[in-house]
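Chemist: Here it is: the structure, laid out below.
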Amino acid sequence: MNKNIVRTLATVAIALGMALACTNLQALQATRATQPIQLDGKLDESDWQRAAVQDKWVENMPNEKAAPRVKNEVRVLFDKDALYFGIKAFDPDMSRLNAPFVRRDKVFGTADNLIIWIDPTGARKFAQFFRINPRGILADGSWTEDTSNEDFAPDYDYEAAAHIGADHWSAEFRIPWTSLRIPHPVPEKLTFIVFRNMPRETRIRMSTATLGRDPNCFLCVAEELTGISDIPKTSGITVTPYVSGNFRQDKTGSAKYDESKFNAGADLKWRPTSEWVIDATLRPDFSQLELDQPQLRSNTRFALFVPEKRPFFLEGNDLYSLPDTSIYTRSITDPLWGTRATYRSAAIDATAITVADRGGGFVVLPNTFFSDFKEQGKSQVTLARVRHAYSFAGTGSVGALLSDRSYENGDSNRVVSFDVTHKPDDPTRMRSQLLLSQTHDGDVRTTGHYLYLDANRDSGPHRYGAYYAEVSPKFRFDNGLVGQSGLRAIGGDYRYCVNRSEAFFDNVCPNVAARESRTWNNVALQRWVTPGLYMNGAKNSEWNFQPRFINYRRAQEGGKWHHTPTAYFFANGNPGKTITYTFFETELGRSIDVATDTLANLSLVATGINLRPVERFELETSVTDYRLFNTDDRQWRLLERNASVLGIGHITARDTLRLIAQYTLSKRNQAAYSFTVDPRTETRALSLVYAHKRGLGREFNLGLTRGNANALGQPRETTTELFAKMSWALSL
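The numbering used here applies: residue 32 is where the sequence shown begins, and numbers increase by one.
Rendered as structure tokens:
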């Protein structure tokens with residue numbers, strides 16, 4: 032097998048190394064502002080009138096690299112304190128403008144919006160993005176070119192305003208130099224892209240740069256922004272103290288325990304130079320965060336991923352995005368304090384963080400057929416990452432990562448990682464990653480490795496790729512999320528897309544993907560070959576059908592080699608202003624009941640709908656139903672159901688009321704098992720939070736959460752929590 036893998040990877044590398052692409056980049060001259068800019072979205076100051084205009088936009092959805100169907104304009108101003116963007120988006124029928132009230136960071140392509148992407152160093156590896164919709168609602172985050180990862184988690188200090196006119200809507204952005212990771216002196220040329228999303232019968236997307244519909248390379252075609260000069264060094268300190276009060280009541284049957292807490296802490300952000308950002312946190316409080324979305328977990332033996340929502344861990348988070356396996360900060364369960372330093376320049380990005388974790392969660396212990404767990408004690412977590420960009424035979428970057436978790440009892444886990452991303456041309460990307468681990472667990476000392484290689488090419492209608500991964504049996508990554516070890520895997524995919532302008536299905540992509548994985552002892556774990564049909568359609572819809580008939584899997588060591596054919600279908604879209612989003616997903620066929628290594632009939636159905644019955648209220652609902660049945664007598668074996676409701680009331684631009692209700696049910700039929708099972712477990716959770724936000728780091732939250740768990744034959748467990756928190760950012 033190893034010889035075949037080497038031949039396959041060599042063939043892919045040679046094929047992907049062929050054909051060079053050439054892209055003509057435009058440049059826009061920024062103009063120095065001579066008077067204060069009033070942010071009202073109107074662009075009526077005289078400085079805007081004399082600024083250079085970029086009006087040569089390109090449509091990339093639904094038509095690729097086509098002339099835009101409406102006019103758009105962008106202008107750029109600057110002064111010693113900030114960078115200003117002014118954008119006009121013309122529309123022949125303003126009555127069709129889709130401009131809902133939404134929460135911050137919920138500005139997506141399902142409604143009208145404008146997006147600015149700024150590459151602060153010009154290295155074309157990282158960008159900050161800033162969004163606004165016609166209601167003046169903001170969203171921001173970061174983009175990492177090497178991993179094609181768009182992250183809404185980072186929040187930047189910027190202002191923007193929108194204005195709706197008779198034949199257009201427009202927006203003004205003020206982005207302080209202190210919020211941009213621009214080195215000093217300011218590079219002669221920055222790079223940027225401006226997007227406009229305009230959903231009508233279908234989603235229309237236009238940009239200032241020439242992009243395809245789903246490009247493999249994004250920042251490589253960003254435009255140049257010139258003319259910026261004489262910007263002073265930026266530095267500053269922001270301290271965000273907080274106070275919070277918390278009352279918690281736990282009940283188990285008739286037993287009751289009450290606890291009241293008062294907490295105080297602070298976050299500090301110091302920018303000593305343009306390249307450096309220093310962050311520190313003391314006693315961080317995360318009580319105001321949303322509940323995690325429920326996931327199906329009854330018929331899996333591996334650890335599940337939960338997204339990070341805690342603000343302290345989000346600065347420089349893009350640097351921890353590696354080609355395959357990344358840092359998983361949710362493994363830091365209960366931080367007492369933490370510090371972090373982040374550095375960005377045109378050639379080098381780096382970050383380091385150390386956190387005192389009080390523990391209380393679980394350590395994931397990977398195995399070939401399951402994830403094991405053990406209780407997590409107190410520990411010190413240290414992470415360091417550096418990435419260096421280069422331009423040799425194309426473009427790329429090399430990086431290294433150090434991860435250390437030292438436990439209070441003397442145990443430790445250390446991982447070093449090396450990665451390379453190379454683009455011989457714009458459509459082609461090749462990546463590699465090697466991780467080495469050393470673990471001290473009591474008297475046991477182990478080492479392991481994780482190797483990952485991939486390559487893909489997107490040359491217009493054709494997109495193809497291949498990958499190889501291997502994880503040694505003793506590899507462990509306590510600061511990551513590696514739930515499976517002791518295996519090798521190889522796979523690939525091919526897609527061909529046909530663009531059908533103005534048709535209901537305007538993008539049709541037949542495709543095929545394949546994968547085989549084997550244990551470290553060369554025993555087959557999984558094998559599948561899946562053809563598929565993916566389509567984009569009217570109302571921003573996506574349609575995906577996959578006949579997964581060639582599908583084989585082994586669920587336990589020494590277990591059977593099961594044939595598990597299924598048919599899979601998924602569709603979603605944005606029907607209109609009242610029903611803003613809906614989806615439907617189903618999979619029918621055969622699966623494995625991992626509790627008994629038994630073949631079973633599978634039924635998976637999931638659906639959801641987002642409603643906006645009135646302008647200032649949005650409702651999101653979803654239900655997932657998962658069932659297993661005996662293959663002979665059709666008797667049910669397992670039922671798992673998740674349901675969630677999220678309601679948001681937008682009282683004012685600064686005030687929201689959020690209600691979350693969640694329900695989970697897991698049932699097993701005792702008659703289908705020869706051993707004792709948990710016949711029924713239910714959980715319910717309810718969260719009601721009022722939030723008042725006056726800006727970044729300036730907010731007040733008041734909330735009530737209530738949850739209960741009920742297992743058949745066990746006393747009901749109920750938790751009720753009332754909390755209040757206020758924070759106020761101070762610039763020094």
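Every residue, glycine too, gets a C-beta built ideally from N, C-alpha and C.
Express the C-alpha separation of residue 546 and residue 334 in angstroms, rounding to a whole number.
Modeler: Going from the Cα of residue 334 to the Cα of residue 546 covers about 21 Å.
Chemist: Check whether the region 751-758 touches the region 272-283, taking contact to mean three or more Cβ pairs, one atom from each stretch, closer than 8 Å.
Modeler: Touching, per the Cβ criterion.
Chemist: Restricting to Cα atoms, I'd like to know which of 383, 242, 634 and 447 is closest to residue 97.
Modeler: Among 383, 242, 634 and 447, the Cα nearest to that of residue 97 belongs to 242.
Chemist: From the DSSP output, in three-state form, read off residue 361 for me.
Modeler: Looking at residue 361 - three-state DSSP - the assignment turns out to be helix.
Chemist: With a CB to CB cut of under 6 Å and the five nearest residues on each side skipped, what residues in its chain are close to residue 640?
Modeler: Once the five neighbours on either side are set aside, the close Cβ partners of residue 640 are 613 and 652.
Chemist: Check this for me: beta carbons of residue 184 and residue 203, under 8 Å apart or not?
Modeler: Not in contact: residue 184 and residue 203 (Cβ atoms no closer than 8 Å).
Chemist: Could you give the distance in angstroms between the alpha-carbon of residue 43 and the alpha-carbon of residue 212?
Modeler: Caution applies to residue 43, whose pLDDT of 38 falls short of 50 and renders its modelled position unreliable; the value that the coordinates give is listed next. Their Cα atoms are separated by approximately 37 Å.
Chemist: Provide the residue span of the alpha helix (DSSP H) that contains residue 80, from first to last.
Modeler: Run containing residue 80: 77-81, per the alpha helix (DSSP H) assignment.
Chemist: If you draw a straight line from the C-alpha of residue 681 to the C-alpha of residue 121, how long is it?
Modeler: Rounded to the nearest angstrom, the two C-alpha atoms are 27 Å apart.
Chemist: What does a CB cutoff of less than 8 Å around residue 238 pick up in its chain, not counting 5 residues either side in sequence?
Modeler: Around residue 238: 88, 89, 91, 224, 225, 226 and 227.
Chemist: Compare the C-alpha of residue 425 against each of 396, 138, 456 and 64 and name the closest.
Modeler: Measuring from the Cα of residue 425, the nearest candidate turns out to be 456.
Chemist: Just the C-alpha distance for residue 502 and residue 524, rounded to the nearest angstrom, thanks.
Modeler: Rounded to the nearest angstrom, the two C-alpha atoms are 21 Å apart.
Chemist: To which residues of the same chain is residue 471 closer than 8 Å at the C-beta, ignoring the five residues directly before and after it?
Modeler: Same-chain partners within the cutoff: 441, 442, 443 and 444.
Chemist: Tell whether a beta-carbon distance below 8 Å holds between residue 311 and residue 370.
Modeler: A contact, by the Cβ cut-off of 8 Å.
Chemist: Quick check: what's the CA-CA separation for residue 645 versus residue 107?
Modeler: Rounded to the nearest angstrom, the two C-alpha atoms are 36 Å apart.
Chemist: Measure how close the beta-carbons of residue 21 and residue 258 come, nearest whole angstrom, since I'm counting them as under 8 Å.
Modeler: In the structure as shown, the chain begins at 32 and stops at 763. Residue 21 is therefore absent and cannot be evaluated.
Chemist: Note the first and the last residue of the continuous beta strand (DSSP E) segment covering residue 540.
Modeler: Counting along the chain, the beta strand (DSSP E) containing residue 540 begins and ends at 536-550.
Chemist: Just mark residue 581 as buried or exposed, buried being the case when its beta carbon has 16 or more other beta carbons within 10 Å.
Modeler: So residue 581 counts as exposed.
Chemist: The beta strand (DSSP E) spanning residue 620 covers which residue range?
Modeler: Start and end: 610-624.
Chemist: Considering residue 565, what are the terminal residues of the beta strand (DSSP E) in which it resides?
Modeler: Start and end: 555-568.
Chemist: With distances taken Cα to Cα, identify the nearest neighbour of residue 740 among 733, 720, 695 and 727.
Modeler: Answer by Cα proximity: 695.
Chemist: Within 10 Å of its beta-carbon, does residue 476 have 16 or more other beta-carbons around it, so buried, or fewer, so exposed?
Modeler: Classification of residue 476: exposed, given that the 10 Å Cβ count is below 16.
Chemist: With distances taken between CB atoms, is the gap from residue 717 to residue 736 smaller than 8 Å?
Modeler: It is a contact, given that the beta carbons lie within the stated cut-off.
Chemist: Determine the burial state of residue 725: buried for a count of at least 16 other Cβ atoms within 10 Å of its Cβ, exposed for fewer.
Modeler: With fewer than 16 other Cβ atoms within 10 Å, it is exposed.
Chemist: Which ranges would you report for the beta strand (DSSP E) in the region 102-185 if only whole runs of at least 3 residues count?
Modeler: The qualifying runs are 103-109, 113-121, 144-150, 157-163, 169-175 and 180-182.
Chemist: Could you check what DSSP says for residue 307 in three-state terms: helix, strand or coil?
Modeler: Three-state result, residue 307: strand.
Chemist: Could you say if the region 651-670 and the region 618-637 meet the contact criterion of at least three C-beta pairs nearer than 8 Å?
Modeler: They touch, by the three-pair rule.
Chemist: Bridge partners for residue 411 per DSSP, in chain order?
Modeler: 387 and 437, per the DSSP bridge assignment.
Chemist: Could you pull the start and end residues of the beta strand (DSSP E) that residue 654 belongs to?
Modeler: Residue 654 -> beta strand (DSSP E) spans 648-661.
Chemist: Can you name the start and end residues of the beta strand (DSSP E) that residue 195 belongs to?
Modeler: It spans 190-195 - the beta strand (DSSP E) in which residue 195 sits, taken as one unbroken run.
Chemist: Under 7 Å: does the beta carbon of residue 237 sit that close to some heavy atom of the ligand ATP?
Modeler: In the structure shown, the ligand ATP is absent, as is every other ligand, since no ligand is present at all.
Chemist: What separation, rounded to the nearest whole angstrom, lies between the Cα atoms of residue 542 and residue 601?
Modeler: Roughly 15 Å separates the two Cα atoms.
Chemist: Determine the burial state of residue 118: buried for a count of at least 16 other Cβ atoms within 10 Å of its Cβ, exposed for fewer.
Modeler: The residue is buried, with at least 16 neighbouring Cβ atoms inside 10 Å.
Chemist: If you draw a straight line from the C-alpha of residue 747 to the C-alpha of residue 414, how long is it?
Modeler: C-alpha separation (whole angstroms): 41 Å.
Chemist: Within 10 angstroms of its Cβ, does residue 552 collect 16 or more other Cβ (buried), or is it exposed?
Modeler: Residue 552 is exposed by the Cβ-count criterion.
Chemist: Rounding to the nearest angstrom, what Cα-Cα distance links residue 221 and residue 105 in this structure?
Modeler: Taking the straight line joining both Cα atoms gives about 16 Å.
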